[in-house]
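The structure appears right after this line, and notes come after that.
Number of protein chains: 2
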Amino acid sequence: MRESLVAAAFQLFVERGYEQTTVDDIVALAGVGRRSFFRYFPSKEDVVFPDHEGCLTRMTAFLGESGPGHEPVERVCDAARLVLRMYAENPAFSVQRYRLTRKVPGLRTYELSVVWRYERALAEYLRGRFSGRPDGTLRADVIAAAVVAAHNNGLRSWLRADGRGDASAAVDHALAHVQRVFAPERNPVADGTGGAHAAWNGGEDDDDVVVVVSRRGAPLWRVVQEIETTLGRGPA
Amino acid sequence: MRESLVAAAFQLFVERGYEQTTVDDIVALAGVGRRSFFRYFPSKEDVVFPDHEGCLTRMTAFLGESGPGHEPVERVCDAARLVLRMYAENPAFSVQRYRLTRKVPGLRTYELSVVWRYERALAEYLRGRFSGRPDGTLRADVIAAAVVAAHNNGLRSWLRADGRGDASAAVDHALAHVQRVFAPERNPVADGTGGAHAAWNGGEDDDDVVVVVSRRGAPLWRVVQEIETTLGRGPA
Numbered sequence: 000m001r002e003s004l005v006a007a008a009f010q011l012f013v014e015r016g017y018e019q020t021t022v023d024d025i026v027a028l029a030g031v032g033r034r035s036f037f038r039y040f041p042s043k044e045d046v047v048f049p050d051h052e053g054c055l056t057r058m059t060a061f062l063g064e065s066g067p068g069h070e071p072v073e074r075v076c077d078a079a080r081l082v083l084r085m086y087a088e089n090p091a092f093s094v095q096r097y098r099l100t101r102k103v104p105g106l107r108t109y110e111l112s113v114v115w116r117y118e119r120a121l122a123e124y125l126r127g128r129f130s131g132r133p134d135g136t137l138r139a140d141v142i143a144a145a146v147v148a149a150h151n152n153g154l155r156s157w158l159r160a161d162g163r164g165d166a167s168a169a170v171d172h173a174l175a176h177v178q179r180v181f182a183p184e185r186n187p188v189a190d191g192t193g194g195a196h197a198a199w200n201g202g203e204d205d206d207d208v209v210v211v212v213s214r215r216g217a218p219l220w221r222v223v224q225e226i227e228t229t230l231g232r233g234p235a
Numbered sequence: 000m001r002e003s004l005v006a007a008a009f010q011l012f013v014e015r016g017y018e019q020t021t022v023d024d025i026v027a028l029a030g031v032g033r034r035s036f037f038r039y040f041p042s043k044e045d046v047v048f049p050d051h052e053g054c055l056t057r058m059t060a061f062l063g064e065s066g067p068g069h070e071p072v073e074r075v076c077d078a079a080r081l082v083l084r085m086y087a088e089n090p091a092f093s094v095q096r097y098r099l100t101r102k103v104p105g106l107r108t109y110e111l112s113v114v115w116r117y118e119r120a121l122a123e124y125l126r127g128r129f130s131g132r133p134d135g136t137l138r139a140d141v142i143a144a145a146v147v148a149a150h151n152n153g154l155r156s157w158l159r160a161d162g163r164g165d166a167s168a169a170v171d172h173a174l175a176h177v178q179r180v181f182a183p184e185r186n187p188v189a190d191g192t193g194g195a196h197a198a199w200n201g202g203e204d205d206d207d208v209v210v211v212v213s214r215r216g217a218p219l220w221r222v223v224q225e226i227e228t229t230l231g232r233g234p235a
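Going line by line, the protein sequences match chains A and B. Counted the way numbering that gives the first Met the number 0 counts, the first sequence spans residues 0 to 235. Counted the way numbering that gives the first Met the number 0 counts, the second sequence spans residues 0 to 235.
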């Protein structure tokens, strides 16, 4: 029932345009009554985004199941991947909807409010993880916004290519950028630690990145010492 | 005329509530005709945000005047400060509107679409500055979103304090966080530069931050050499 209403709606939106299609037209094509439509969708706009409520519920549950061992930035990136999966599961429908939302300003606004709810869910989780830390809510809000922007950048490039190619690869690439920018080893700068401080990402790979952060005024020997300690080597 | 319509509208919104106020009520209190109202505002929602169009125009002009010498992240932070100034110029009105938008979902959605237009203006500027660079549009979108999130975090904390305190200080603090995260010297990681690479932010202040990025496999002498070159000092 729900699926046939969505299918009927999109068939009419494509044929006649969104504005020219009424709920009566949709229920007539689907062969059901008006009350059935409104049982599933509060308004005509909602039939365009039939799966976001379910996805928001899944995302909230996913974040709620997080443990203290989950790296927070990685966790919100994984949460964003749940949204991508929803789009990628049905490329033809996602591309059709993308074209529709670009043409109808009211749908674009509706979509912005959906995106905002995803962003708030990510930010709420991060605020919890960063609570008590300096600038915890600020960092949470900025990271949530960056994750959503990166996700949407990857998603849009896939949608603009008519859903061809690998949606996951595009979004993974974008989210990896955000993870690099906000990776835990970069926090010493954000925390304003004085003096020299070195950190690394803990892996054993030869391509691991070492970041050294220092006040410009710190003596060079302190910087070198910190690097040596971090790399686990003696003096050069 | 325009100001008196806004004043009349807000007086009624506070007294009766937004939904219960009609355009007829507003023009009656302001002592003008309906046509005058619609000459200034396309809809009742627009009278709640009378200054955003002008601010968007100023922001676009400001970004358009940028030269190649402007550091891009700093420039978009300064552009965001134009929005703050609009709010800070009239604290009582801004606080009243903040309370209204939190109560009326339709206004919240309207505001999201305004915020989205600011974000697009910042992203468009950054896309131009980063064009031809690896991941230029991705970086532009992520930085624009981060700047808007930081600005709004600072702005909201001031609005929640009923417009008391220093709005600029709250937003400057939030934007400084974003500038630290996305400062030019951090780009070598994002660009995936191999080997050792050092950069600094070019100032003379003792608190300047030096960031050294290196592959973990890079020889220590190369890292130290790079630091020395960057700091402009000889061997320790």
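For each residue, glycine too, the CB sits at the ideal point set by N, CA and C.
For this session: Leaving aside the five residues before and after A/A120 along the sequence, list all residues of the same chain whose C-beta is less than 7 angstroms from its C-beta, in chain order.
Result: L55, M58, T59, L62
Problem set entry | CB contact check: B/W115 to chain A, cutoff 8 angstroms | yes
Exercise. Going straight from the alpha carbon of A/F37 to that of B/C76, what length do you get?
Worked result: 45 angstroms
Exercise. If we cut at 8 angstroms on Cβ distances, does A/S112 have a partner in chain B?
Worked result: yes
Exercise. Using the C-alpha atoms, what's the distance from B/T20 back to B/L28?
Worked result: 11 angstroms
Exercise. Mapping DSSP to helix, strand and coil, what is B/K43?
Worked result: coil
Exercise. If you drop the 5 nearest sequence neighbours on each side, which residues of the same chain put their C-beta closer than 8 angstroms to that of A/F129?
Worked result: P71, G135, T136, R138, A139
For this session: Taking only the alpha-carbon atoms, compute the straight-line gap between B/R241 and B/R33 and give it to the nearest angstrom.
Result: Given a span of 0 to 235 for chain B in the structure shown, any question on residue 241 of chain B remains unanswerable.
For this session: Could you check if A/S93 is buried or exposed, using at least 16 other CB atoms within 10 Å of its CB as the buried criterion?
Result: buried
Exercise. For the segment 165-176 of chain B, which residues have a CB atom closer than 9 angstroms to at least one CB atom of chain A, in sequence order?
Worked result: H172, A173, H176
For this session: Check whether the Cβ atoms of A/A144 and A/V177 sit closer than 8 angstroms, and answer yes or no.
Result: no
Problem set entry | Distance between A/A78 and B/V180 (C-alpha atoms, nearest Å) | 22 angstroms
Problem set entry | Sequence ranges, alpha helix (DSSP H) only - wholly within the segment 87-173 of chain B, length at least 4 | 90-102, 104-128, 135-159
Exercise. Going by Cα to Cα distance, which pick from A/R163, A/E18, A/Q10, A/M0 is closest to A/V103?
Worked result: A/E18
For this session: May I have the straight-line CA-CA distance separating B/L4 from B/E44, to the nearest angstrom?
Result: 13 angstroms
Exercise. Along the chain, where does the alpha helix (DSSP H) that runs through A/E14 open and close?
Worked result: 1-15
For this session: Check the Cβ-Cβ distances between B/G194 and every residue of chain A, and say whether any is below 8 angstroms.
Result: The predicted position of B/G194 is uncertain, since its pLDDT is 41 and thus under 50; a value taken from the coordinates is nonetheless stated next. No, B/G194 does not count as interfacial toward chain A.
For this session: Please name the residue in B/P133, B/A6, B/G16 whose C-alpha comes closest to that of B/R98.
Result: B/G16
For this session: Within its chain, find whatever has a CB closer than 7 angstroms to the CB of A/E73; leave out the 5 residues flanking it on each side and keep chain order.
Result: Q178
For this session: Compute the beta-carbon to beta-carbon distance between B/A166 and B/A87, rounded to the nearest angstrom, for a pair I have assumed lies under 8 angstroms.
Result: 4 angstroms
Problem set entry | Contact set between A/V13 and chain B, taken where Cβ atoms lie within less than 9 angstroms | Result: empty, since nearest Cβ-Cβ is about 25 angstroms, beyond 9 angstroms.
Problem set entry | Chain-ordered residues of the segment 14-45 of chain B with a beta carbon less than 7 angstroms from chain A | none
Exercise. Alpha carbon to alpha carbon, how far is A/E110 from A/L174?
Worked result: 21 angstroms
Problem set entry | Residue range of the unbroken alpha helix (DSSP H) whose run includes B/G53 | 51-63
Problem set entry | Where the alpha helix (DSSP H) containing B/V22 begins and where it ends | 22-29
Problem set entry | B/V26 versus B/L154 - alpha carbon distance | 31 angstroms
For this session: Buried or exposed for A/N89, please, with buried defined as at least 16 other CB atoms from any protein chain shown within 10 angstroms of its CB.
Result: exposed
Exercise. Name the chain D residues that come within less than 9 angstroms of B/A149, Cβ to Cβ?
Worked result: Annotation note: the requested chain D is absent from the structure, which comprises protein chains A and B.
Exercise. Can you name the residues of chain A whose CB is closer than 8 angstroms to the CB of B/N152?
Worked result: T136, L137, D140, V141
Exercise. Is any beta-carbon of chain A found at less than 8 angstroms from that of B/V94?
Worked result: no
Exercise. Quick one: Cα of B/L81 to Cα of A/V170, how far?
Worked result: 32 angstroms
Problem set entry | Test: B/V180 CB closer than 8 angstroms to a CB of chain A | yes
Exercise. Would you say A/T100 reaches chain B, if we count a Cβ-Cβ gap shorter than 8 angstroms as a contact?
Worked result: no
For this session: For A/P71, name the three-state secondary structure that DSSP assigns.
Result: helix
Problem set entry | Three-state class that DSSP yields for B/A182 in the structure shown | coil
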